[in-house]
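All residue numbers for the sequence shown refer to my numbering, where the first residue is 748 and numbers rise by one.
Glycine included, every Cβ here is placed at the ideal spot set by N, Cα and C.
This structure is a prediction, so every number in the text was calculated from the model and none was measured.
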Amino acid sequence: MRAQPAFARFFLRACVAIALALSGFAAGAATSEEQAQTVIHMLDYVSVDYPGFVKDGKVLDESEYQEQREFAGQSVKLLEQLPAAEGKEAVLAKARQLLARVDAKEDGAEVSSLARAVVADVVRVYKLAVAPRQAPDLQRAAQLFAANCAACHGAAGRGDGPLAKGMDPSPSNFHDDARMKQRSIYGLYNTITLGVGGTPMRAFSEFNEGDRWALAFLAAGMRAPADTVARGETLWTQGGGREALGNLRALVTSAPQAVQQQGGADLDAVRAFLTARPEALAAVRADPLSIARARLQDSIAAYRKGDRQAARQAAITAYLEGFELVEAGLDNVDADLRKETEREMMALRTAIDSAVPVQAMEAQVGRIDALLDRAAERLSGDAMSAEAAFVSSLLILLREGLEAILVLAAIIAFVRKTGRRDALPYIHAGWGGAILLGVATWFVAGRLLNFSGAGREMTEGITALVAAAMLLYVGYWLHGKSNAQAWATFIREHVSAALEKRTLWAMAGISFLAVYRELFEIILFYQTLWVQAGAERQGAVLAGMGTAVALLAITGWAILRFSVRLPLGPFFTATSALLVVMAVVFVGHGVAALQEAGVLHATPVHFVNLPLLGIHATVQGLGSQAAMLAAIALMLWLGRRTPAAART
């Protein structure tokens, strides 16, 4: 909500003051994130204002030019004071290049472009939040604007409020097309957050983050004619702009002028519509394969510049936010293609980590692009028939639900066999809580947070590893009761209430983790399948889900029905063996999920891939499972040396 360039000298002093507060001179006064945001705020003005003061190597306004130079110079100093981070030196080099170009009075468009590039790098290196967490509430924004902004900016945002008369500099006119088309929503958000020193435009720190984003959207959308917004809505409904503006981050960081240069008047109309109706982004997701292709191009572009970290992150995002979301559907029409594509995308990360030549990197991306084209062909047209939608839905739930059913059946059969029905409420509370949390996850993932792929995989991976540890604990506990004499001793001596409670809560925890881990993945797969199937075949998806639920219920009943007839010793041996096997499987899945999230590196090896058993052919995954097997062997050996009564 900046007024006019004339106030820049005042803002400069404020920026310098902020810089001092953030430096070692006043250590701890603010966070490095706030300091980085200040850099972004300053460079945002350089990108917008500099072209108006320098043209064809000539300075049009000397005082304003000097202030732009100060902005660029202070940005370098602030960046130097920021904490060390991977990629910081590259950002600094680019910021110094920007200052050199300003000193040389180079073309305004080039300086503006470079300033935006530095902003993007600062955001990436220091992992700044540059997008709202959910679609802003523009109705509330209108109320806040009327109560807090209209007095200066005017009821319609034309800078003609009752307090504007005589104000120097005058308040911003949000209908000023020449200026507003250069301002991104993110830039407006920063102005609302930080204010403009030396002017009446103060920082609105009392507003929460969501309200500040909502005001930024409102200000950015004021100049858009109603017919342009309506045309943008039509284009968006027909699929226009999905790849370029398919998420809140892309929308808020793109200046209208850049959008128009990229996609003409049509894409700018889509931008205007999404600015006025940001909730539309939550209703329709971008095509996952298009996202994968775009992120792969980002990866190769970063690699050419020598930024391996950015290249690796883009490659991870190409998988997590793109290809992974179509894996379930592709698995049911061409499982071999799914495996090959997944393998090549993992190989791309390995190539980046190994610093292969650029030509080899480009060739690898080319192979993946060809595989994605094949995947798009297999998933289009008749590939997602009603029959395919039914089968996909059926197999997703069967495949993911069977692991949870096996664990729950073993635990429930155990307590029924031993007469410990007092444990059943703990177990039912565990899986019941998992279902409730799964419903909440569906709501949050689909409507509020739009979980990133890394977040999904982190949650799944950590949950799987915790579940594996608990499975190992209970499996060992059951193994200690695998002979009748040991069990009789256990019953006779009545273990202490504390130990009983700990065991029961462990079983409740297992039932929760086993079910929630699978539900988390099921939710994500079904969200994608639901969109792919389309309105005409969503009934087939529901039919597949219903059939899978019935089959899982029958399977669980059969396991429980027959397991209670087993002899006591073999029963405990079988159930403990089942639990430790599931622990090994969960470890494999957990490590693989963390690798997909980019938390762990993946080193492929020549070995079989059996995802059903959690076996993924990487050094890290196989090593973790081998370590789990070694731990199991050690526990069995210790169990033979320790009297059974001592293990109770």
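**Item:** Contact belief for residue 1050 with residue 1099 at Cβ below 8 Å, rounded distance in angstroms
**Value:** 7 Å
**Prompt:** How would you label residue 815, buried or exposed, when you count the other beta carbons within 10 angstroms and need 16 or more for buried?
**Reply:** buried
**Message:** Our contact map puts residue 918 next to residue 934 with C-beta atoms below 8 Å; I'd like the distance itself, whole angstroms only.
**Reply:** With 8 Å as the limit, residue 918 and residue 934 do not qualify as a contact, their Cβ atoms being about 17 Å apart.
**Asked** Hey, which unbroken runs of the alpha helix (DSSP H) at 4 residues or more fall wholly within the region 1005-1053?
**Response** 1027-1030, 1035-1051
**Prompt:** From the DSSP output, which residues share a beta bridge with residue 1357?
**Reply:** 1362
**Asked** Near residue 929, which residues of its chain fall below 7 Å by C-beta distance, leaving aside the five closest residues on each side in sequence?
**Response** 795, 1002, 1004
**Prompt:** If we ignore side chains and look at the alpha-carbon of each, how far apart do residue 1342 and residue 1350 end up?
**Reply:** 10 Å
**Coarse secondary structure for residue 835, derived from DSSP in three states** = helix
**Item:** Cutoff 7 Å; reference residue 806; Cβ partners in own chain excluding five residues on either side
**Value:** 800, 812, 852
**Prompt:** Apart from the five residues just before and just after residue 982, which ones in its own chain have a Cβ nearer than 7 Å to its Cβ?
**Reply:** 988, 1013, 1016, 1017
**Message:** Mapping the DSSP letters down to three states, classify residue 849 as helix, strand or coil.
**Reply:** helix
**Request:** Using the Cα positions of residue 926 and residue 835, report the straight-line distance between them to the nearest angstrom.
**Result:** 31 Å
**Item:** Boundaries (first-last residue) of the alpha helix (DSSP H) holding residue 1070
**Value:** First-last for residue 1070: undefined, no H or E at that position.
**Helix, strand or coil at residue 976 according to DSSP, with G and I counted as helix** = helix
**Asked** With distances taken from CA atoms, which of 1356, 1368, 823 is nearest residue 1338?
**Response** 1368
**Asked** To the nearest angstrom, how far is it from the Cα of residue 1356 to the Cα of residue 1053?
**Response** 33 Å
**Asked** For the 8 Å Cβ check, are there 3 or more pairs between the region 856-863 and the region 823-830?
**Response** no
**Message:** In the DSSP assignment, the alpha helix (DSSP H) including residue 929 goes from what residue to what residue?
**Reply:** Segment: none, residue 929 is in no alpha helix (DSSP H) and carries neither H nor E.
**Closest Cα partner of residue 1046 within the set 1347, 838, 932, 1105** = 1105
**Unbroken alpha helix (DSSP H) run spanning residue 895, endpoints** = 885-895
**Message:** Given this structure, state the Cα-to-Cα distance separating residue 1348 from residue 1362, to the nearest angstrom.
**Reply:** 16 Å
**Prompt:** residue 838 and residue 868: beta carbons closer than 8 Å?
**Reply:** yes
**Message:** Assuming contact is defined by CB atoms lying nearer than 8 Å, are residue 1102 and residue 1055 in contact in what I supplied?
**Reply:** yes
**Item:** The alpha helix (DSSP H) enclosing residue 799, as first and last residue numbers
**Value:** Segment: none, residue 799 is in no alpha helix (DSSP H) and carries neither H nor E.
**Asked** Where do the ends of the alpha helix (DSSP H) carrying residue 1119 lie?
**Response** 1105-1126
**Item:** Opening and closing residue of the alpha helix (DSSP H) in which residue 822 lies
**Value:** 809-828
**Prompt:** What's the gap between the Cα of residue 986 and the Cα of residue 820?
**Reply:** 43 Å
**Message:** For the alpha helix (DSSP H) containing residue 863, name the first residue and the last one.
**Reply:** 855-872
**Request:** Would you kindly work out how many angstroms separate the C-alpha atoms of residue 974 and residue 841, rounded to a whole number?
**Result:** 41 Å
**Prompt:** From residue 994 to residue 1096, what does the alpha carbon distance come to, in whole angstroms?
**Reply:** 25 Å
**Asked** Among 1375, 1186, 1138, which one has its Cα closest to the Cα of residue 1291?
**Response** 1138
**Message:** Quick check: residue 1299 and residue 1152, are their CB atoms within less than 8 Å of each other?
**Reply:** yes
**Message:** Just list the residues that DSSP pairs residue 806 with in beta bridges.
**Reply:** 801
**Integer-rounded CB distance, given that residue 1070 should sit under 8 Å from residue 962** = That belief does not hold up - the Cβ atoms of residue 962 and residue 1070 are roughly 37 Å apart, past 8 Å.
**Asked** Expressed to the nearest angstrom, what Euclidean distance is found between the alpha-carbon atoms of residue 889 and residue 1023?
**Response** 12 Å
**Request:** Take the Cβ of residue 810 as the centre, count every other Cβ of all protein chains shown within 10 Å, and call the residue buried at 16 or more, exposed below.
**Result:** exposed
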